[in-house]
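Chemist: Pasting a structure below so you can have a look.
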Amino acid sequence: MIINKHVMRSTNEKQVLQQVINEGPISRSQISRNLSLNKVTVSDIYNQLLRAQFIKEIGCGASTKNGGRKPVMAELNVNYGFVASIDLSPDSVKLMYSRLNGKILHFQSFKTTDMTLTDVIDLIEDQLRNVDDYGTVHGLMGVAIALDGIIYENKILKTPIKCLAHFDLAKYLRDKLRIPVMLEKKANLTAIFERDFHNNEIFDNVVSVVIRDEIHAGIVADSRLYSGHEGEAGEVGTALMEDRHAENHLESANDCASEKFLWAKLKAIKHVDRLDLTTVKHDYVNHDPAVTKVFDDFIYYLSKVVANVSTAFAPDVVVLNTSVLEILPQLLTDIRETTAKMSSPSRQVPIVATKNVQSAALLGGASEIIHQALGLESLKMHFS
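Quick note: the sequence shown uses the numbering used here, first residue 117, plus one each step.
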């Protein structure tokens, strides 16, 4: 087989940059050993990255046991540029700027309940166009936009945001700002977050189940995002489930295991329009019968969802992303136990709660657009 020299060179460059990002501070000789590339090739690529300001030298490391010259250490130049990630909802815009190492530079949120779609898009454009360069060489290098719905080939096919379906938002902003713009389903970006933002745990196969008004799953298989046919993978909330209290009656998972369902049931039994979550927590902890029954149903149906995705995708871990577990973390134990009863004894998948309910999609978006900005789409990057 003939391998194109340019492709090989490009692959080597990406792998050297990946080493500096993931293993830095690191020396040229260590990169050479890690990649099994000769030192001349590594030094040539290293010097190119240094001249282009992708990387920077930060001093010398320790010499070897045999003495000799101390190696020069290099790491990613986080001042090369930065990226933006946006969480777009029907009633708000959340905007985050991040360095190329994933560290957050700035976060702000805007209420958009009374704004038209045109006003919302103008707001986003204005914020991105006038953002500070944060002392970086190249300023804003790309934007990732997270939203609920169906996204396929960077286009919105379906979304709860009125009038946005089939509008080419990525092209519009790309033409206006002259930077890469990517769109992705929120649940998918939470799965990217779980894959990339862990210090020691590395998950190559992850299902992130996001429970909000609806239930969506983001799926990472063999380290790659799995989107399915035309971006439709992960719409687990639409699956029908048998009603545990009534025979021959089916409900969608959205109608029996979503946060929207849970809050509505609790409001109904409390006869209130607005929930006091402190009171809800107190009532559950103190075994209020009506409140306990609502949560028991929530646990049962959510466990059904978890058992189904565990069986279908055999992930290394299932991550639950819901504010319910922030309020009542003890529910996780009940969900694990109930899911275990619904699953094969030979395949018990670990179930954990996300470490970042509110910003997982934003940080996952930052990771995706950083990969794209650095030309490392097919390679792993790990952030802390």
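The C-beta atom is built at its ideal place from N, Cα and C for all residues, glycine as well.
Which one of Pro461, Asp284, Ser462 and Pro466 has the shortest CA to CA distance from Ile451?
Modeler: Counted from its first residue, the sequence shown places residue 451 at position 335. Ranking Pro461, Asp284, Ser462 and Pro466 by Cα distance to Ile451 puts Pro466 first.
Chemist: Return helix, strand or coil for Arg340, following the three-state DSSP convention.
Modeler: In the sequence shown, the residue the question calls residue 340 occupies position 224. Correct three-state label for Arg340: strand.
Chemist: Classify Ala262 as helix, strand or coil using the three-state DSSP reduction.
Modeler: The residue you call residue 262 lines up with position 146 of the sequence shown. In the structure shown, Ala262 sits in a strand (DSSP, three-state: E or B).
Chemist: Hey, could you find the ends of the alpha helix (DSSP H) Tyr400 is sitting in?
Modeler: Taking the sequence shown and counting its residues from 1, one reaches residue 400 at position 284. Note, Tyr400: alpha helix (DSSP H), Leu393 to Val401.
Chemist: Label Ala303 either buried or exposed according to how many other C-beta atoms from any shown protein chain fall within 10 Å of its C-beta, with 16 as the threshold for buried.
Modeler: As a working mapping, residue 303 is identified with position 187 in the sequence shown. Its Cβ being crowded by 16 or more others within 10 Å, Ala303 is buried.
Chemist: Around the C-beta of Gly175, are 16 or more other C-beta atoms found within 10 angstroms, so that it is buried, or is it exposed?
Modeler: What you label residue 175 is simply residue 59 of the sequence shown in a count that begins at 1. Exposed.
Chemist: Let me know if Gln464 comes out buried or exposed under the rule of 16 or more other beta-carbons within 10 Å of its beta-carbon.
Modeler: The count along the sequence shown starts at 1 and reaches residue 464 at position 348. The residue is exposed, with fewer than 16 neighbouring Cβ atoms inside 10 Å.
Chemist: Going by DSSP, which residues form a beta bridge with Gly197?
Modeler: Position 81 of the sequence shown, counted from the first residue, corresponds to residue 197. DSSP, once it has assigned bridges, lists no residue as partnering Gly197.
Chemist: Which of the three DSSP states, helix, strand or coil, is assigned to Arg245?
Modeler: Counting from one through the sequence shown, the residue named residue 245 turns up at place 129. It is helical.
Chemist: Looking only at C-alpha atoms, which of Ala373, Val410, Thr394 and Arg360 sits nearest to Ala384?
Modeler: Taking the sequence shown and counting its residues from 1, the one referred to as residue 384 is at position 268. If we check each option's Cα against that of Ala384, Val410 comes out closest.
Chemist: Flag this pair as yes or no: are the beta carbons of Gly350 and Lys130 separated by less than 8 Å?
Modeler: Locating residue 350 in the sequence shown gives position 234, counting from the first residue. Locating residue 130 in the sequence shown gives position 14, counting from the first residue. For Gly350 and Lys130, no; Cβs fall outside 8 Å.
Chemist: Evaluate the contact criterion for the segment 157-170 versus the segment 192-201: three or more CB pairs, one atom per stretch, below 8 Å.
Modeler: The segment 157-170, when compared against the segment 192-201, does touch it at the 8 Å Cβ threshold.
Chemist: Run the CB neighbour count on Leu263, radius 10 Å, all protein chains shown included, and call it buried at 16 or more, exposed below.
Modeler: Translated into the one-based positions of the sequence shown, residue 263 becomes position 147. By the neighbour-count rule (16 or more Cβ atoms within 10 Å), Leu263 is buried.
Chemist: By alpha-carbon positions, which one of Phe313, Asp432 and Tyr250 ends up nearest to Asn138?
Modeler: Here residue 138 is taken as the residue at index 22 of the sequence shown, counted from 1. Of Phe313, Asp432 and Tyr250, the residue nearest in Cα terms is Phe313.
Chemist: With a CB to CB cut of under 8 Å and the five nearest residues on each side skipped, what residues in its chain are close to Leu273?
Modeler: Counting from 1 along the sequence shown, the entry for residue 273 is found at position 157. Excluding positions up to five away in sequence, the list reads Gly265, Ile266, Ile267, Ala281, His282, Glu346 and Gly347.
Chemist: If we ignore side chains and look at the alpha-carbon of each, how far apart do Ser460 and Asn424 end up?
Modeler: Locating residue 460 in the sequence shown gives position 344, counting from the first residue. Locating residue 424 in the sequence shown gives position 308, counting from the first residue. Straight-line Cα distance between these residues: approximately 11 Å.
Chemist: Using the Cβ count rule (16 or more neighbours within 10 Å means buried), how would you classify Pro431?
Modeler: One-based indexing of the sequence shown puts residue 431 at position 315. Counting Cβ neighbours within 10 Å, Pro431 comes out buried, since at least 16 surround it.
Chemist: Just tell me which of Glu484, Ser500, Arg215 and Pro187 has its CA closest to the CA of Val517.
Modeler: This structure leaves residue 517 out entirely; the chain is present only between 117 and 500.
Chemist: Rounded to the nearest angstrom, what separates Ile318 and Arg311 at their Cα positions?
Modeler: As a first step, residue 318 is located in the sequence shown; it is residue number 202 there, counting from the start. As a first step, residue 311 is located in the sequence shown; it is residue number 195 there, counting from the start. Rounded to the nearest angstrom, the two C-alpha atoms are 7 Å apart.
Chemist: Since Leu299 and Asn270 should fall inside the 8 Å C-beta cutoff, what is the C-beta to C-beta distance between them, to a whole number of angstroms?
Modeler: Counting from one through the sequence shown, the residue named residue 299 turns up at place 183. Counting from one through the sequence shown, the residue named residue 270 turns up at place 154. The pair is a contact, with the Cβ atoms about 5 Å apart (cut-off 8 Å).
Chemist: Buried or exposed for Cys372, going by 16 or more other Cβ atoms inside 10 Å?
Modeler: By one-based count along the sequence shown, residue 372 stands at place 256. Looking at its Cβ environment, which holds 16 or more other Cβ atoms inside 10 Å, Cys372 is buried.
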